[in-house]
Each structure stands twice: as structure tokens, then as C-alpha cells.
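Residues 1 to 295 in UniProt numbering are what the sequence shown lists, from first letter to last.
Glycine included, each C-beta is placed from N, C-alpha and C at the ideal position.
So the structure is just underneath, and the comments pick up after that.
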Amino acid sequence: MAITVHPSFSFSERTTLRMGGSALAEVVLTHTDDCEQLSDILLSLGGEPLVIGRGSNLLAKDGELPVVIVNPAITTEPVCVEETDETVTVHVGAGYRLPRFLNWCATHGYAGLEGLAGVPGTVGGAVAMNAGSYGCEVVDCLDSVEVFIKKIGTAVFKKTDVVLQYRHFSIPTVNDQPVILSSVFRLNKKDPQEIKKVIDDNLTRKKATQPVSAHSAGCVFKNPAEGVSAGMLLDQCGFKGKIYGGVAFSPLHANFLVNVNNGTSKEAFELLHIAQQTVLDVSGYSLELEVKVIG
Numbered sequence: 001m002a003i004t005v006h007p008s009f010s011f012s013e014r015t016t017l018r019m020g021g022s023a024l025a026e027v028v029l030t031h032t033d034d035c036e037q038l039s040d041i042l043l044s045l046g047g048e049p050l051v052i053g054r055g056s057n058l059l060a061k062d063g064e065l066p067v068v069i070v071n072p073a074i075t076t077e078p079v080c081v082e083e084t085d086e087t088v089t090v091h092v093g094a095g096y097r098l099p100r101f102l103n104w105c106a107t108h109g110y111a112g113l114e115g116l117a118g119v120p121g122t123v124g125g126a127v128a129m130n131a132g133s134y135g136c137e138v139v140d141c142l143d144s145v146e147v148f149i150k151k152i153g154t155a156v157f158k159k160t161d162v163v164l165q166y167r168h169f170s171i172p173t174v175n176d177q178p179v180i181l182s183s184v185f186r187l188n189k190k191d192p193q194e195i196k197k198v199i200d201d202n203l204t205r206k207k208a209t210q211p212v213s214a215h216s217a218g219c220v221f222k223n224p225a226e227g228v229s230a231g232m233l234l235d236q237c238g239f240k241g242k243i244y245g246g247v248a249f250s251p252l253h254a255n256f257l258v259n260v261n262n263g264t265s266k267e268a269f270e271l272l273h274i275a276q277q278t279v280l281d282v283s284g285y286s287l288e289l290e291v292k293v294i295g
């Protein structure tokens, strides 16, 4: 076991949006057995436990926040656990980088997750948010998930036992926040070159339409209805490229909040509130945050 506790955690340094205050501490898990110590460590540190991976899709408030970061950096390599003529099931650690996992799948000819090309973060983070893009969501391929739950310990849940909705993951029978340790995906066998082409095409499209190299948390609002894009509504209301202090809505995609000049969380929340109110007044649609707020 190699559990590590860091006495401080800076959201401005460790999140893709590069803003926010600090947490009380960070607990890094590198093996599933580390969870045996987790409850006692969290009790000694105080604060509310908060599970994050690589820091994407997060907006932390300014100042010192009463939270303890739990980082499931379990980078277990992908391995096939079951195989048929047409499908394969693959087990992978929660801390494994999502782009690296997609490349691994493509190399081995395992299809199903290509739509997630360009989505940052870890496999565990993708499951925790039911990440999706270009008509593909984690729920489409997830078979089971291994989690740690404070009152239960380590357990495996099949996809039918969890709730996977639009940018949402939960376990109905559990009140505590689960720590995702690993996942199993059921994928289809396909020509590796075809898979790589789809990934490359999606990456090219994403780079042309989204600020992939900017300090951004990704899409900040959920689409309010089927066929109704939050980005389209923001664009229609004049928010595409709008700068507010050190933050802005990207000129490439209006639904991407970016940190352009040492922006603060205060500025970010103010701009988001203005955008929500304007879109509601103009279109009647209420925009719900997709980005996870901390604090």
C-alpha cells in the first residue's frame, strides 16, 4: 500500500480552469488496498471528502475550502477479462488517463468509446460524470464499476445497479460519495485503423470548434433540452467571446468558460450568473451548470 497525504492542495494549480482557492489536504490512493486506511485518515483530517482526478470539469470557489481531496490515482493498466468473437470486456484503473485508454483501445481494435476523443481527465472521472461527446457516452459501454464506500468498503456494481444519466453518476442505495477505483467496459471488436480514423476525425473537429489548449473546465452548462444546445443559446445572446475581467466565454464555442488572464472564481460565477439570467430572459430556458462547483 502506498497511500500519500499532501498537507495542501491548490485548485488554481491542479484544475484545468486554473482558478479557485485551496483544500485542507489531498489523499492520494495508488492501490485499492489503500482504501482500508481511508476512513481513519479522513476522520483525522476533518473536512468534507471530495473525489477528483485530473481536475477537469471543476470550478472551485476562492479562499480556503473545508474539503479534503481524495485522488484515486490507481493507474492499473487495461487488461481483457472476457472475450467473444465480436466483443471484449476490459478492466482499467480509475486513474488511467482517458486519452491514453482510447489509444490503447484503438491499437487493440476495441471500439465504442471513440466519441470521447479529446475529453481530458481520467477514466474514473469520465465514469463519475458519464462523460459524452459526438453521440457517445460512458453509459453506452460501461459494464461494471468498482468503488469504495465508507460504510460498505470496496464493492463492485453492475451497470444496472447504478444511475447513469446526462453528466451524472450515482448509486441509489448509497448516500456517501463513492470513490471510483476501476471500471470494466464492454467493447466491440473492429479494425484498428477504422477506430483510429474516427478518433483522429473527432480530434480534428474538436480542435476546430473547441478551445482544447485553453485553461478551461469544458462545457460549463448542460444542454437544457433534447436538440437545444446551451452553446447555441449563449451564442444567440451574444456571449460567444465575451470577456469579463480575467475570464471569458470562448470565441470558438460559447459554452466553454476559459481563464484568459488570471481570472478569479468570483469573476467566473458573476459571468455565469449574467449568462444564465440573460438566456432565461431571452429564450425562456434555464441553464443548469454542468461544471461541478466546489465550496
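Close beta carbons around residue i, own chain, < 6 Å, minus the five adjacent residues each side
i    : result
A214 : V258
P211 : S250, L252, F256 and V258
G53  : G121, T122, G124 and G125
K196 : A106
G63  : G21
L280 : S286
Bridge-paired residues (DSSP) for residue i
i    : result
Q165 : H168
F157 : V145
T89  : E82 and R186
Residue i, enclosing alpha helix (DSSP H) - first and last residue
i    : result
S25  : Note on identity: in this sequence residue 25 is Ala, with Ser being the wrong assignment. Segment A25 to L29 is the beta strand (DSSP E) holding A25; no alpha helix (DSSP H) there.
V127 : V123 to A128
I274 : S265 to S283
Residue i vs residue j beta-carbon contact at 8 Å
i    : j    : result
V79  : L50  : no
T16  : G55  : yes
A131 : V147 : no
G93  : G115 : no
G95  : L187 : no
S8   : S22  : yes
V293 : L65  : no
I180 : V145 : yes
A217 : N57  : yes
Residue range of the unbroken beta strand (DSSP E) whose run includes residue i
i    : result
L58  : L58 to A60
S216 : S216 to C219
I180 : V179 to K189
L252 : Here L252 belongs to no beta strand (DSSP E), and DSSP marks it neither H nor E.
G4   : Before going further, note that residue 4 is Thr rather than Gly in the sequence given. Per DSSP, T4 belongs to the beta strand (DSSP E) from T4 to H6.
Straight-line Cα distance separating residue j from residue i
i    : j    : result
I149 : K242 : 42 Å
L271 : A248 : 8 Å
D235 : E194 : 34 Å
Same chain, Cβ closer than 8 Å to residue i, neighbours up to 5 away in sequence not counted
i  : result
V5 : A25, E26, V27, V28, I41 and L45
Residue-chain proximity (residue i, chain D), Cβ-Cβ < 8 Å
i    : result
D200 : Considering every chain present, this structure includes no chain D. It has just one protein chain.
Cut-off 7 Å between Cβ atoms - residues of its own chain near residue i, not counting five sequence neighbours on either side
i   : result
S12 : R18, M19 and G20
A73 : V28, L29, T30 and G95
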